[in-house]
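J.:
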Amino acid sequence: MPNPNFPADGLLATTIDYYLKRVEDNVFGSKPLLFALDAAGSVKDAPGGVKLIDPLMYAAAPNAGSYAGTDVFATAANTGITAAEHEWAQYYGLLHWTGIEMAKNSGSQALIPLLQTRMDQLEMTISAGLNSMLWADGAGNSGKDWNGVGAAVSASDPSWGDYGGLDRTANTWWKPATKTASTVNTLSLADMANVYNTASEGNDHPSNGFTTQTGFEAYEALLTDNIRYQDTSMGDAGFQNLMFKAMPVTFDDDVEGGGTTTEQESPFYMLNLKYFSLWKLAGVWFKRGDQLRPINADVTYQNILLYGQMSCSNVSRQGVLYDIHA
């Protein structure tokens, strides 16, 4: 027997499924960091596990080298491999509707505008919330927030705290490339090049640059009209961007959330996104919950859940230039 709150054709239930896919697509297409992570193939599935374990290689193997004749090979203990670990985190969105709303919106033609309006609202809320959270350091909401860029690459103190259970002070290989502006509060191409080159190794370079609108405009002012190249994939997605070396640069004011000890102004991040992973745990990713109606209220609730975490497996290939604008 059909639920009395819904038409027998089940339009609302099936349309929610459709809109959840739409919400996921729009969330990852609405903010430059989320778009870049998705485009880089950094949104990945994790089948399970008590914690997120990220294997790390931080040094060369100890036993290798040239030899002659019957030389004895080195047999030192194998070192240079460890792991970072992160707790899984959760995120939700919630829809609800009352019986009187359903009565007023009876009929298949009336249901879609009600659902579309609330899904659009939820889409914008999830997009803004995820984007802000994934720029910050994970300390928000009493530590319930997901790890953000600011946890791996602090724009205020590159040695700040542990990351993945590893002490950055003791493990210098676990630090990003950082630099304070050579001339206080002034962006320069020389400082940008220094951070970019320090975060690079061989043909492995930062893939994406992010800063605030202020930082973007400062970079734009340094360029002449004939070298204002853009990355076509980000441009086609609607994001203003300019190239620095082979790296597209775009802006998002949530970038300032990457500070930890103190809030820095217009940090300029240079990230190698192939080392960042936004993990989806056990298929709970924009997952539609059951429609629940309490016995003592004329209202129906339905949640949307995300389980996951963000991690960085190579912090030394990331960089940030900070204190560049008053």
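Each number in this note's numbering comes from the position in the sequence shown (counting from 1) with 1312 added on.
Every residue, glycine too, gets a C-beta built ideally from N, C-alpha and C.
All values derive from a computational prediction rather than experimental measurement.
Need the endpoints of the alpha helix (DSSP H) that I1636 sits in, please.
T.: Looking at the DSSP string, I1636 is not in any alpha helix (DSSP H), and its letter there is neither H nor E.
J.: Please classify T1573 as buried or exposed, where buried requires at least 16 other C-beta atoms within 10 Å of its C-beta.
T.: In this prediction, T1573 has a pLDDT of 37, which is less than 50 and means its spatial position is unreliable; what the coordinates show is noted afterwards. When all chains shown are included, T1573 counts as exposed.
J.: Tell me which same chain residues have a C-beta within less than 7 Å of the C-beta of T1492, skipping the five on either side of it?
T.: Same-chain partners within the cutoff: Y1634, D1635.
J.: Helix, strand or coil for Q1614, going by three-state DSSP, please let me know.
T.: Strand at Q1614.
J.: Who are the Cβ neighbours of A1558 in its own chain at under 8 Å, not counting the five residues just before and after it?
T.: Only H1517 meet the Cβ criterion.
J.: Have a look at V1561, W1597, I1393, L1554 and flag the residue whose alpha-carbon is nearest the alpha-carbon of W1400.
T.: With distances taken between Cα atoms, W1400 lies closest to W1597.
J.: What did DSSP end up calling N1626 once you bin it into helix, strand or coil?
T.: Three-state DSSP puts N1626 in coil, outside helix and strand.
J.: So, are the CB atoms of G1476 and E1397 less than 8 Å apart?
T.: Taking 8 Å as the Cβ cut-off, G1476 and E1397 qualify as a contacting pair.
J.: To test your reading of the DSSP string, which unbroken alpha helix (DSSP H) runs of 4 or more residues are found completely within the segment 1522-1569?
T.: Listed in chain order, they are 1525-1534, 1544-1548.
J.: For the segment 1342-1355 against the segment 1373-1381, are there 3 or more C-beta pairs whose distance is under 8 Å?
T.: Contact fails: fewer than three Cβ-Cβ distances are below 8 Å.
J.: Counting C-beta neighbours from all protein chains within 10 Å, is the total for M1369 16 or more, i.e. buried, or is it exposed?
T.: Under this definition M1369 is an exposed residue.
J.: Could you pull the DSSP bridge partners for K1599 from this structure?
T.: Paired residues: L1617.
J.: Answer yes or no: do F1588 and M1546 have a C-beta to C-beta separation smaller than 8 Å?
T.: Taking 8 Å as the Cβ cut-off, F1588 and M1546 do not qualify as a contacting pair.
J.: Starting from P1359, trace the beta strand (DSSP E) both ways and give me its first and last residue.
T.: Premise fails: P1359 is in no beta strand (DSSP E) and is neither H nor E.
J.: Given a cut-off of 8 Å, decide if V1461 and A1489 are closer than it, judged by their beta-carbon atoms.
T.: Their beta carbons are not under 8 Å apart, which means A1489 does not touch V1461 by this criterion.
J.: When you compare only the Cα positions, how much space is there between E1532 and P1560?
T.: If I take the Cα positions, the gap works out to 12 Å.
J.: What's the C-alpha gap between K1592 and A1358?
T.: Near 6 Å, if we compare the C-alpha coordinates of A1358 and K1592.
J.: Does DSSP classify N1520 as helix, strand or coil?
T.: Note: N1520 maps to strand in three-state DSSP.
J.: So, for R1605: in the same chain, excluding its five sequence neighbours on each side, which residues have a beta-carbon less than 8 Å away from its beta-carbon?
T.: Only N1317, V1611, T1612, Y1613 meet the Cβ criterion.
J.: Name the DSSP beta bridge partners of K1491, please?
T.: L1633.
J.: Starting from E1413, trace the beta strand (DSSP E) in both directions and tell me its first and last residue.
T.: First-last for E1413: 1411-1416, but that is the alpha helix (DSSP H), not the beta strand (DSSP E).
J.: Taking the alpha helix (DSSP H) that A1505 belongs to, which residues open and close that run?
T.: A1505 -> alpha helix (DSSP H) spans 1501-1510.
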